Amino acid sequence: MSTFSNHNFKGQKALIRVDFNVPIQNGGITDDTRIRAAIPTIKKVLDDGGSVILMSHWGRPLKDIEKKPGLTLADFSLKPVVPHLSKLLGTTVQFADDCISDDAVQKASNLKPGEVLLLENLRYYKQEEKGDKDFAEKLSKLGDVYVNDAFGTAHRAHASTAVIAQFFPGDKKMFGLLMESEVHAAENVLHSSKQPFTAIIGGAKVSDKILILETLLEKATDIIIGGGMAYTFFKAEGGQIGNSLCENDRLETAVALLKKADQKGVCIHLPADSIIADKFAADAQCSSALSNEIPDGWMGLDIGQMAIEHFKKIILESKTILWNGPMGVFEMDKFQHGTRAIAEAVAHATQNGAYSLVGGGDSVAAVNKFGYADKVSYVSTGGGAMLELFEGKELPGIAAIKS
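Residue numbers (numbering that gives the first Met the number 0): 0 to 402.
Here's what the structure looks like:
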């Protein structure tokens, strides 16, 4: 495997898998984080004197068209990305109306050093998600070097993320700068973490986080649990949780996790109190209660002040921090205080020398919303991919490059 930074792309066409699956409304991009994350990789190739062919997916066109009559492939085009990408790169980006058509082949063949071509949505073809070898081979013929810089899709065994790499020799397939940094950040936490190591795990369901919790019990000293999933733990311990979110089929799992943590000497911290509401709505009536004494008809939608103070103390004493999942329904102003406080605490701990990794769509959205994205050590661009890395799984998009 060649390393991207040491490779000279002069006179070469770099076929780069990026993740431009960005939110687009009325033809405009509303969040360009993933596009900006790929810019350093693209510029390195151009600065070397190479040319760039970009391939990406956007949405799930074939599945959505089947479900919603009236939609067409044009509704899932990557074409709206072109003007924004051109502006970020300071050069005109060419566009191919397909990814493997004669037009795409011709435009790729005619690319001159310093030029950039964006291919149309890979998922116009069902072969992409199926990991079809013939489709991958057709894509591979567009470039001289394959670069995977799409960490957000590294956990998918798709044609453009995993299968395609086999058509390039070891010195012509590599991670881009974004992938390199993502893998380094994850491995830093997984294998080189300094203690105390605190994992902050939030979100709605225990079932979504079982595997990551199992892995963290082998590595973390402290695990903070917030969000809706906390109430499954409280009910499992015999608490009263009112109408709070609860997975009744995971009560035994919660008990087993608490028992295993105790056996391993890992401290699991649950929120002592909660901000409760009489309905799941922005205009709900609010109060506070101990998290295991929530009255009937009320539900916990955020962690309370006692929990915030306790969690902040744990975080500020940490040397390594992993944060995956919010503490409450932070999208609603009334229930964002807990998540904001945790973001602030993680930023302060980082300033004091801790290494902090934030990953998962909602956690990333939270640090961006509250202005702390540049105050933590690393913000991952891949929610599902990062989660699977921490679950101990081998990601197809990473394995394909390393093999």
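C-beta atoms are modelled at their ideal positions from N, C-alpha and C, and glycine is treated no differently. A quick note: this is a predicted structure, and the numbers were derived from the prediction, not measured.
Quick check on the DSSP output: the beta strand (DSSP E) that includes Q350 runs from which residue to which?
First-last for Q350: H336 to Q350, but that is the alpha helix (DSSP H), not the beta strand (DSSP E).
By the 10 Å Cβ neighbour count, where 16 or more other Cβ atoms means buried, how is Q194 classified, buried or exposed?
So Q194 ends up on the exposed side.
Excluding the five sequence neighbours on either side, which residues of its own chain have a C-beta within less than 8 Å of the C-beta of L315, listed in chain order?
Scanning its chain for C-beta atoms nearer than 8 Å, with the 5 sequence neighbours on each side dropped, one finds around L315 the residues A344, H347, A348 and N351, in chain order.
With a CB to CB cut of under 8 Å and the five nearest residues on each side skipped, what residues in its chain are close to G26?
P79.
Cβ atoms of L87 and F19: under 9 Å apart, would you say?
no
Grouping DSSP H, G and I as helix and E and B as strand, with all else coil, what is L388?
Here L388 carries a helix assignment [DSSP, helix/strand/coil].
Are the Cβ atoms of P395 and T40 separated by less than 9 Å?
no
Just list the beta strand (DSSP E) runs in the region 121–179, keeping only unbroken ones of 3 residues or longer that don't cross its boundaries, in chain order.
144–147 and 172–174
Continuous alpha helix (DSSP H) stretch holding L250: start and end
L250 to K263
Cα separation between H56 and R122?
6 Å
How would you call I397, buried or exposed, if buried means at least 16 neighbouring beta carbons within 10 angstroms?
buried
Give the single residue among G130, K171 and L177 whose Cα lies nearest to the Cα of A149.
L177
Unbroken alpha helix (DSSP H) run spanning M305, endpoints:
Taken as a continuous stretch (DSSP letters only), the alpha helix (DSSP H) holding M305 covers Q304 to L315.
Please report the Cβ distance between G151 and G381, rounded to the nearest whole angstrom; I am assuming they are in contact, meaning their Cβ atoms lie under 8 Å.
4 Å
Proximity to V205 [Cα-Cα], best of F196, A235 and D170
A235
By the three-class DSSP mapping on this structure, what secondary structure does K12 have?
strand
Just the C-alpha distance for N247 and I274, rounded to the nearest angstrom, thanks.
22 Å
Which listed residue (K111, I34 and E128) has its alpha carbon closest to that of D47:
K111
Among G383, L386 and R339, which residue has its Cα nearest to the Cα of V366?
Measuring from the Cα of V366, the nearest candidate turns out to be R339.
Three or more beta-carbon pairs under 8 Å between the region 200–215 and the region 241–260, yes or no?
yes
Of the listed residues S317, L300, D170 and T319, nearest to D332 (C-alpha basis)
Closest option to D332, Cα to Cα, is L300.
Rounded to a whole number of angstroms, what is the C-alpha to C-alpha distance between D170 and S402?
11 Å
Comparing C-alpha positions only, which one of G142, E330, I200 and F8 sits nearest to A107?
G142
What are the boundary residues of the beta strand (DSSP E) that H268 is part of?
C266 to H268
Quick check: does the Cβ of A37 come within less than 8 Å of any heavy atom belonging to the ligand GTP?
In the structure on display, the ligand GTP does not appear, and there are no ligands present to speak of.
Helix or strand or just coil, what does DSSP make of Q105?
helix
Assuming I34 contacts V44 (C-beta within less than 8 Å), just tell me the rounded distance between them.
Not a contact, Cβ separation roughly 16 Å.
From which residue to which residue does the beta strand (DSSP E) around Y354 run?
Y354 to V357
Can the beta-carbon of V363 be found closer than 9 Å to that of S379?
yes
Give me, in chain order, the residues of the same chain whose beta-carbon lies closer than 8 Å to that of A271; leave out the 5 immediate sequence neighbours on both sides.
L289, S290, G303, M305, A306 and H309
Going by Cα to Cα distance, which pick from Q284, A219 and P294 is closest to H268?
A219
Going by the CB atoms, is the gap between I224 and I200 shorter than 9 Å?
Yes.
If we ignore side chains and look at the alpha-carbon of each, how far apart do M326 and F334 end up?
9 Å
What's the gap between the Cα of D131 and the Cα of N120?
16 Å
If you draw a straight line from the alpha carbon of V144 to that of G324, how long is it in whole angstroms?
About 37 Å.
Pull up the CB-CB distance for A185 and L388, whole angstroms please, since I reckon it's below 8 Å.
5 Å
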